[in-house]
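Counting from 1, one number per residue, gives the positions in the sequence shown under the numbering used here. Every residue, glycine too, gets a C-beta built ideally from N, C-alpha and C. Computed from a prediction, not measured in an experiment: that's the story for all the values here.
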Amino acid sequence: MASLPVIVVHGGAGNIPRARESMSSAGVREAAKAGYVCLQAGGSAMDAVVEAVTLLENNPTFNAGRGSVLTQKGTVEMDAIVMDGRTLASGAVSAVRRIANPVQLARLVMDKTSHLCLTAEGASQFARNMGIPEVQEESLITEYSIMRWRKNLSPDANPVESHMGKMGTVGAVAVDLQGNIACATSTGGMLNKMEGRVGDTPCIGCGAYADNKLGAVSPTGHGEAIMKVTLSRLILFYMEQGKSVREAADMGLAYMWDRVQGRGGVVVVDPKGEWVARFNSLQMAWAAAQGGQLHYGMYGEEHFTRDIQEQKEPEPQSQEAHSPTRSTDTHTDTQ
Ligand code: GLY
């Protein structure tokens, strides 16, 4: 039953190693709960998505902020975007370094400049001007990201693995009590990317879109494919044509697969609070909070629900058949 407020978050599409599944699921549930608390207290959709994505950036499990994948040179370059559906205002940063929370910097670009996107050193200079402290690059790098970087530098690296990489990006969409809609997306990008590579995330209509009249989308997946089909705006276009959130999300992902063999996932919400989390990768950690309930899943049609107030995590009971099968999944496991 759709109701407001609602928030839906994702922790990235791809192949999540079994040992990291529970951390990924716990991370997205925590982020959805924090965003929901903000919304219930009368916070705006923008406040809620930035709060949720900040938590995901701070969580080293995810490919954003701390835990970001490394470039070919072993550095961290991050992209982030926010969009406000009330006014279509948006702010983004690309290839930004030594910033703990790129999503907060993206919000400052929206709030404090007349531009939509700042990049690289200019973004760092803007952060300094805004009083955002620079962090040591090492504080953003985890043992896990170093291990994956080394593995993919090897001449023996599986090309499919190198290409698919660790696609995880984080994002959130929300509708607040006033019916305002917002979204935010943040990423370290693709594993072992070239320095200076910018993916879909900071590109409006690709890595995010929010419009109070239509809804909001935050995607994850292979950025070059997402950009070629402008996935976020494409899904909202299908909704504009009368498709449900689920139909529109599936049509957008199917189009991306058909046209450019791109994999990924999306969280989508509409103005009434209808929402969906869909993907054509093996997994995508997602969670949603609405009507006092926490929803979450990771594989195929998996969908667990529990009371948001419950302190203890119960053994999950699937509400739909656990279905790890997927329509177009042929790629090599990247782990
Ligand atoms: N979707 C994140 C990226 O490709 O950078």
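Asked	Found
Coarse secondary structure for Q40, derived from DSSP in three states	helix
Residue range of the unbroken alpha helix (DSSP H) whose run includes G111	One detail in the question is off: residue 111 reads as Asp in this sequence, not Gly. Run containing D111: P102 to K112, per the alpha helix (DSSP H) assignment.
S162 versus E224 - alpha carbon distance	Because the pLDDT of S162 is 47, which lies under 50, any placement of that residue in the model is unreliable, and the question is left without a value.
Cβ-heavy atom distance, D47 to the ligand GLY, below 7 Å	no
G179 to A13 span [Cα, whole Å]	28 Å
Status (buried if at least 16 other CB within 10 Å, exposed otherwise) for G171	buried
Ordered list of alpha helix (DSSP H) runs contained in the stretch 172-230, each at least 4 residues	223-228
Residues that F237 bridges to, as DSSP identifies them	Answer is none; F237 lacks a bridge partner.
Beta-carbon proximity list for K73, same chain, < 7 Å, skipping 5 on both sides	E195
S281 vs G297 beta-carbon contact at 8 Å	no
7 Å CB neighbourhood of H115 in its chain, flanking five on each side removed	V109
Sub-8 Å separation of E137 and T75 beta-carbons	yes
Heavy atom of the ligand GLY within 7 Å of T305 beta-carbon	no
Proximity below 8 Å, CB of A45 to CB of E274	no
Contact check, E57 vs R66, beta carbons under 8 Å	yes
Among R259, V69, G11 and M251, the one whose alpha carbon lies nearest that of R150	V69
Start-to-end residues for the beta strand (DSSP E) that takes in V93	A89 to V96
Residue interval of the beta strand (DSSP E) (run including A254)	Taken as a continuous stretch (DSSP letters only), A254 belongs to no beta strand (DSSP E), being part of the alpha helix (DSSP H) at V245 to V260.
Bounding residues of the beta strand (DSSP E) (the contiguous stretch that carries T119)	C117 to T119
Contact check, D342 vs A48, beta carbons under 8 Å	Summary: the structure shown does not reach residue 342, with the chain confined to residues 1 through 335, and so no result is reported for it.
DSSP three-state assignment for R278, whether helix, strand or coil	strand
Exposure of D270, with buried meaning 16 or more beta-carbon neighbours within 10 Å	buried
Spatial distance of A19 from A32 (CA atoms)	22 Å
Residues bridged to F304 [DSSP beta-bridge criterion]	Y296
DSSP-derived helix/strand/coil call for V69	coil
Close Cβ partners of M336 (< 6 Å) along its chain, the five nearest in sequence each way excluded	Past the boundaries of the shown model lies residue 336; the chain is included only from 1 to 335, so the question cannot be answered.
G215 to S154 span [Cα, whole Å]	43 Å
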